[in-house]
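Residue numbers (the working numbering), protein chains in the order written: chain G, 119 to 582; chain C, 119 to 582; chain W, 119 to 582. Where is the CB? At the ideal position from N, CA and C, for every residue including glycine. Here the structure is a predicted model, which is why all the values come from computation and not from measurement. Here is the structure we will look at, set down as structure tokens.
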Amino acid sequence: MDARYLSPDPAQRTIALNLYHQVKNLPLICPHGHVDPRLFADADYRFGTPVDLLIIPDHYIFRMLYSQGISLELLGVPGKNVAETDHRKIWQTVCDHWYLFRGTPTGIWLRDELRDVFGITQKINGVNAQDIYGAIAAKLADPAFSPRQLFERFNIEVLATTDAATDRLIDHQTIQQSGWQGRIIPTFRPDAVVNIDTEGWNENIQQLSAVSGISIVDYRSYIAALEQRRAFFKSMGATATDHAVQTAYTEHLSQSEADAIFRQALKGEATPDNAQRFTGHMLIEMARMSVEDGLVMQMHIGSYRNHNPLIFENFGRDKGADIPITSEFTRNLKPLLDLFGNHSNLTIVLFTLDETVYSRELAPLAGHYPVLRIGPPWWFFDSLNGMRRFFDTVMETAGIYNTAGFNDDTRAYPSIPARHDVWRRASADWLAGLVVRGIIDEEDASEMAADMAYRLAKQTYKLG
Amino acid sequence: MDARYLSPDPAQRTIALNLYHQVKNLPLICPHGHVDPRLFADADYRFGTPVDLLIIPDHYIFRMLYSQGISLELLGVPGKNVAETDHRKIWQTVCDHWYLFRGTPTGIWLRDELRDVFGITQKINGVNAQDIYGAIAAKLADPAFSPRQLFERFNIEVLATTDAATDRLIDHQTIQQSGWQGRIIPTFRPDAVVNIDTEGWNENIQQLSAVSGISIVDYRSYIAALEQRRAFFKSMGATATDHAVQTAYTEHLSQSEADAIFRQALKGEATPDNAQRFTGHMLIEMARMSVEDGLVMQMHIGSYRNHNPLIFENFGRDKGADIPITSEFTRNLKPLLDLFGNHSNLTIVLFTLDETVYSRELAPLAGHYPVLRIGPPWWFFDSLNGMRRFFDTVMETAGIYNTAGFNDDTRAYPSIPARHDVWRRASADWLAGLVVRGIIDEEDASEMAADMAYRLAKQTYKLG
Amino acid sequence: MDARYLSPDPAQRTIALNLYHQVKNLPLICPHGHVDPRLFADADYRFGTPVDLLIIPDHYIFRMLYSQGISLELLGVPGKNVAETDHRKIWQTVCDHWYLFRGTPTGIWLRDELRDVFGITQKINGVNAQDIYGAIAAKLADPAFSPRQLFERFNIEVLATTDAATDRLIDHQTIQQSGWQGRIIPTFRPDAVVNIDTEGWNENIQQLSAVSGISIVDYRSYIAALEQRRAFFKSMGATATDHAVQTAYTEHLSQSEADAIFRQALKGEATPDNAQRFTGHMLIEMARMSVEDGLVMQMHIGSYRNHNPLIFENFGRDKGADIPITSEFTRNLKPLLDLFGNHSNLTIVLFTLDETVYSRELAPLAGHYPVLRIGPPWWFFDSLNGMRRFFDTVMETAGIYNTAGFNDDTRAYPSIPARHDVWRRASADWLAGLVVRGIIDEEDASEMAADMAYRLAKQTYKLG
């Protein structure tokens, strides 16, 4: 089983295993993800039941079950309707349908996590469901399974959370003051105050005024408040910002245009067209601030959020109903790149849900512009095939040194080692494929394996 | 040769062969195709010459020859000009250029068909062309080569034809009354009465009035007539409908809007824009009817039909001049899914000619919405590489259980076993690749092989 | 090392090596590229320093270094600012960062070129940089390294340059009159006089008047001048034209419309929309001329040129800042194909930077229209993975006989053998993959290997 996820070719597998063994124990760099900082603020945090930990928060799992007709209520997902509360019953339902995950990344993450974190080697099915539930529950009761203990066991060097611009970062302050040595840092994500067509944007702006201490009445004070928050996040250890946008559209507005749209928005009168222009302008403005404060700028492009109104109305956001759309970067990013594309103090990491842009746009762009790095395969593409396609379509043109290494991007904390392990195995196997084809030698492959597993993420996100 | 189409890696090949042997003799489920029901209505049906059977009706073959400068007239394709009538001469022309099919699915289907159905193991070329012609002709004269006999020999469990909404299904009635046990069922395809910009739409509507017995004078009577036809098709065994549309655009019109456009169309005055809106509306209306009558809804998206006017004017439709275009599903299907995407009594099978949507749109959509299933690789992608790309880009996100198994989609009746065999080999090989990489175990692989070869198609199309 | 770039599977590798050995010494057909004809006009031409030869003219190399923050000035690229002139220092900078090219086609081309052309087997790095520089410089001083000598050593059968419509082809005349036997032919590239929004278009038209001897005052005289130039190029040995356009848009204008836009352009008053329509019309006009004079028409589609204004202003064109965009052929080419798609005297070779069109549009189009051939993987896709994807997505639908073989498309003259060698190895490996899977037999594979390495390019470009 040690050779899992590697090519069956004996020559390639031998080299891949050798490379993998060189990197498998390197510390984990987690520069982007959605783990709740509360896990680490409370030294005695407990995960609850196996279902609290593994099912209810994981939209990768319940979307698949939902696609086969199992209601989210039956899975205990909280919403407007009464949800199942018997966690053993929920677990049984999941295990009865676990065959749905055959051949999927979710299937292998959970298997690897159960084995490597919880010591459970049985294959999940309806028969042994309750046994496995009991075994997980027993482990979770053990203090060795607190988030802080696992952090050390997982050998995580640094873990970044993702936090709203209006967040006061209380948990991060608690962690820093606790004396615990784990490095947990925030990431500045201003979507809710920057995308003026977000539901509740006006209240978000009021909150932004409150936390920044700057009364936001116009575009100028708004920018000042954002700069204040960035400085605060940076003071709390942040090295990056994050921007989730449907398209990569950028447009530079004049101060007066930006101000006019901002004032419309305050009155709830911004048109959809102006909302898009303003978002596009704010991406440029965020790049400008990054040039000044050095925060690495992440752009996650291409998700049509909350596609299913029934699910959104009953259960809210992040319930597995976000669907990708086509993306375009060459033309959309040009206004931003025209201004800041050649700047030595800026790093922008691009993520996409449209794999066609890998070879056509992202690799040529990152293979030219000094500010650009390509983020690892995201979301649906954080998988063995997703990685293989990423390697095959990006690396020839961009080289690995214009990529950003790996990040796990997860809210499922105990799956972090499994996710990094898949990446390390996949990259070792890809590199071994280059060696057996005489494209690179083993010396280069060793360096590249360490770069991909550890160094590129650390350097790109300035985590040294 | 038993290992054909399988990976050369010895470990993978061994497992693949094992899986293939488990499924190769399962009955054939043929839920979508274009075989003429007349073949089975007439117990003594004969196929004519080898050219009648293999060349003249097969646009996969003559498009390739045409692309290299061989006129359709020389290949005996009927049209406005005088066509070659000497079938031995036509066959010679085809065989002289058979090298064009090296490495193509058409090349391997015909080779496999000649060997497995006709017992001919010689490789086609200009020298042995006449020998092979004679050998095929001799077989075709044998009563064992009647369609009904072959149906049993091919081990076909059920075969669905594709029939116009206005078809009276006389052949299907004849088959049912004949006492023959073969299960041949119709499929309801209303394109010619639903797409109001179809040439001859008005006559089609008159025909629809005639066959339904409902005088169509407005949108309301039009809908009633369509419902009448669906009920009739269902009574004749149909379990599915089929809709071939250039785009997946859907839009819900009010009754009065729909009626207004319908009346314009009756007067020949519908604008292209209104035609598109009406088609988009009718897809939603067909989904609504499927919720009510349970017919599985198939959507074939993305073919620009009759791209070459010279060919269309001289030879008509389906002459190898249909060219794919980009497709979009995430936004286009939303109006339909908003209404019916969560309905337990609806199944929609999506087919595409734009492979970029596999990983970006179809797999995430089908991996969430209960009503969606992804159809197998279609047309140009019904091939070894097309299947491999389909498996690699769809299955991680959707799982195999949101796919619809295989269908052969062919009018070339004797090629059906070869087509299913390619799929069974390709899926066995893909599963073996997962096994040797430790992604799934052999137990799961066995189940999945049977699902992909047989069960998924049967279940998706309600053919149990 | 002889098995480099081949599959590690022993069975496939053995067959691949056998096929490769059959074609590796076939003469090189170079029907499209950017080598300067001056290299051959001057019998004593010398390449200058290793940096003059290998770095300064090669945007593949310096774009990658630039993407990692190394200025073009430091690399000696001439522009508005002072550039480094110490070539040993430039070479050191390049070698210090040579790790950036790990796994890239540029990396393997230069390695293969240094070994096979210059006899240097050391791996480039910062330590041995000066040694390697000295070794290359010593070779370049040797008369055996003149372009003409290398032409013979490389076994080039014919090499086409790419030349402006206004070029008087003085170098080609010199070569032809020199008595040297190397076949160097021009290619007619009229972009600068056909795309009316090109900077300097009006001066280009004046030049066109001057060289053609036809005073261009309206559309009619403009067409006459272009026809005169084509006839001249043909008299000088040209067999092809080349058209680099951002999109494949075609539109047939009436004479009077074309004339009206042309006159606007002469006055500098053409709108962007009219510029696009005129370019689209001129593609059709060029096809019409090709029907008449038999010149093969090449279309290179999809590059957004000079994306980075800072680089363009300081260094000009072709500096690694051209970025691909999405392309569309099915609808865009239809007006042209409606007129000339079935013509027996026309060949159009299509190139794309958007790989999604391979399987969706190019293969189905070329698998039907007699005039179409698909060019080999272009630019970023002239790579091992680019070729593999090309083979996998194009060949099943189009067959190899609707492709145009290989061309190196390079201005880096001494890299030509390495580029053809990569193609020959990649195609041998792909064919071996078909053999071990039982898709084709070895006899067919041998024919196909020779077709792909040599015959298809020669025949497509009428170089017999």
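Residue-level contact to chain D via CB, residue i, 7 Å cutoff
i        : result
W:Arg478 : Judged by its chain identifiers, the structure shown contains no chain D, and its protein chains are G, C and W.
DSSP three-state assignment for residue i, whether helix, strand or coil
i        : result
G:Arg529 : coil
W:Asp408 : A small correction: the amino acid at residue 408 of chain W is Ser; Asp does not occupy that position in the sequence shown. Note: W:Ser408 maps to helix in three-state DSSP.
W:Leu135 : helix
C:His384 : Inspection of the sequence shows that residue 384 of chain C is occupied by Leu rather than by His. Three-state result, C:Leu384: helix.
G:Ala282 : strand
W:Thr389 : coil
C:Phe306 : strand
C:Thr474 : helix
W:Ile492 : strand
W:Thr224 : helix
G:Thr521 : strand
C:Val554 : helix
C:Asn126 : Reading off the sequence shown, one finds Pro at residue 126 of chain C, where the question assumed Asn. C:Pro126 falls in the coil class under three-state DSSP.
G:Asn450 : coil
G:Arg164 : coil
G:Glu202 : coil
W:Gly485 : coil
Continuous alpha helix (DSSP H) stretch holding residue i: start and end
i        : result
G:Ile558 : Taken as a continuous stretch (DSSP letters only), G:Ile558 belongs to no alpha helix (DSSP H), as it is neither H nor E.
C:Arg206 : 205 to 214
G:Trp497 : Looking at the DSSP string, G:Trp497 is not in any alpha helix (DSSP H), and its letter there is neither H nor E.
G:Lys352 : 337 to 353
G:His152 : Taken as a continuous stretch (DSSP letters only), G:His152 belongs to no alpha helix (DSSP H), as it is neither H nor E.
W:Val329 : 319 to 330
G:Gly252 : 247 to 259
G:Ser296 : That residue, G:Ser296, is in no alpha helix (DSSP H); it is neither H nor E in DSSP.
W:Ile179 : 177 to 185
C:Thr578 : 574 to 578
Residue i: first and last residue of the uninterrupted beta strand (DSSP E) it sits in
i        : result
G:Leu464 : Per DSSP, G:Leu464 belongs to no beta strand (DSSP E) and is neither H nor E.
Per DSSP, the bridge partner or partners of residue i
i        : result
W:Pro442 : W:Ser421
G:His590 : In the structure displayed, chain G extends from 119 to 582; residue 590 of chain G sits before or after that span and is not available.
W:Ile592 : No answer is possible for residue 592 of chain W: the residues shown for chain W start at 119 and end at 582.
W:Leu502 : W:Leu502 is not bridged to any residue.
Identity of the residue in the options nearest residue i by Cα
i        : options                                : result
W:His177 : G:Phe498, G:Thr515, G:Glu202           : G:Thr515
G:Asn313 : G:Ile293, G:Gln364, G:Ser264           : G:Gln364
W:Thr444 : W:Pro175, W:Ala366, W:Asn322           : W:Ala366
W:Pro390 : W:Arg555, W:Ile293, W:Ala159, W:Glu317 : W:Glu317
W:Asn136 : W:Ala567, W:Met354, W:Leu581, W:Arg573 : W:Ala567
C:Ile558 : C:Gln130, C:Lys385, C:Gln140           : C:Gln130
G:Val276 : G:Ile441, G:Thr448, G:His139, G:Pro155 : G:Pro155
G:Asp500 : G:Asp309, G:Asn322, G:Ala358, G:Gly225 : G:Gly225
W:Phe447 : W:Ile492, W:Gly244, W:Arg537, W:Ile250 : W:Ile492
C:Asn520 : C:Ile133, C:Thr397, C:Val512           : C:Val512
Cβ contact (3+ pairs, closer than 8 Å) linking the stretch 298 to 309 of chain G and the stretch 282 to 290 of chain G: yes
Contact the stretch 427 to 438 of chain C vs the stretch 388 to 404 of chain C: 3+ CB pairs below 8 Å: Contact fails between the stretch 427 to 438 of chain C and the stretch 388 to 404 of chain C, because fewer than three Cβ pairs, one in each stretch, are under 8 Å apart.
Touch test, the stretch 468 to 488 of chain C against the stretch 226 to 236 of chain C, Cβ-Cβ under 8 Å, three pairs minimum: These segments do not touch.
Segment contact, 8 Å Cβ cut-off, at least three pairs: the stretch 343 to 350 of chain G with the stretch 368 to 381 of chain G: no
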